[in-house]
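Worksheet for the structure shown next.
Numbering (our numbering), first residue to last: 2 to 121.
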């Protein structure tokens, strides 16, 4: 926005990627010199890409997430492996507790039979 012969803009972006954090920290370190740096950097960019200054130029912004295909696959693989390990642990615990049931039941039956002598 141009007011009183000066341009004024507000800039805001997230900290979702390493690139955003790096730029954000750099801009933060500039203090009151942000405007001068932005003018210089954007002028260099516009010199390298003169087509951007054409009236009907279409500007396409590609937003890349902080994750790529390989990283996503690694995360998913790790989650699946953790779930499988938990399931295997639960199965082992269930098998162990089932093995203990007959012994416990046999002990209970033996104790009941011993107690039958009391009723005679």
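Beta carbons are placed, not taken as given, at the ideal position from N, Cα and C, and that holds for glycine.
Roughly how many whole angstroms lie between the Cα atoms of residue 106 and residue 113?
Against the chain shown, residue 106 aligns to sequence position 105. Against the chain shown, residue 113 aligns to sequence position 112. Roughly 10 angstroms separates the two Cα atoms.
Please give the ranges of any beta strand (DSSP E) in the region 23 to 96, keeping only runs that are unbroken, at least 3 residues long and fully inside the region.
List check, beta strand (DSSP E) in window: nothing returned.
Checking the sheet assignment: what are the DSSP bridge partners for residue 7?
Within the chain shown, the letter at position 6 stands for residue 7. Beta-bridge pairing links residue 7 to 4.
Given a cut-off of 7 angstroms on the beta-carbon distance, is the pair residue 31 and residue 38 in contact?
Your numbering for residue 31 matches position 30 in the chain shown. Your numbering for residue 38 matches position 37 in the chain shown. In contact: residue 31 and residue 38 (Cβ atoms closer than 7 angstroms).
Is the separation between the beta-carbon of residue 21 and that of residue 27 shorter than 7 angstroms?
Position 20 of the chain shown holds residue 21. Position 26 of the chain shown holds residue 27. Against a cut-off of 7 angstroms, the Cβ pair of residue 27 and residue 21 comes out as no contact.
Looking at the structure shown, is residue 12 part of a helix, part of a strand, or coil, going by DSSP?
As a working note, residue 12 is residue 11 in the chain shown. The answer is coil: DSSP assigns residue 12 none of H, G, I, E or B.
Can you tell me the Cα-Cα spacing of residue 125 and residue 94, whole angstroms?
For residue 125 there is no data in the structure shown, the boundaries of the chain being 2 and 121.
Can you tell me the Cα-Cα spacing of residue 74 and residue 111, whole angstroms?
To locate residue 74, count along the chain shown from 1; it is residue 73. To locate residue 111, count along the chain shown from 1; it is residue 110. Each residue's alpha carbon lies about 56 angstroms from the other.
What would DSSP say about residue 109, mapped onto helix, strand or coil?
Position 108 of the chain shown holds residue 109. Residue state, collapsed to three classes: helix.
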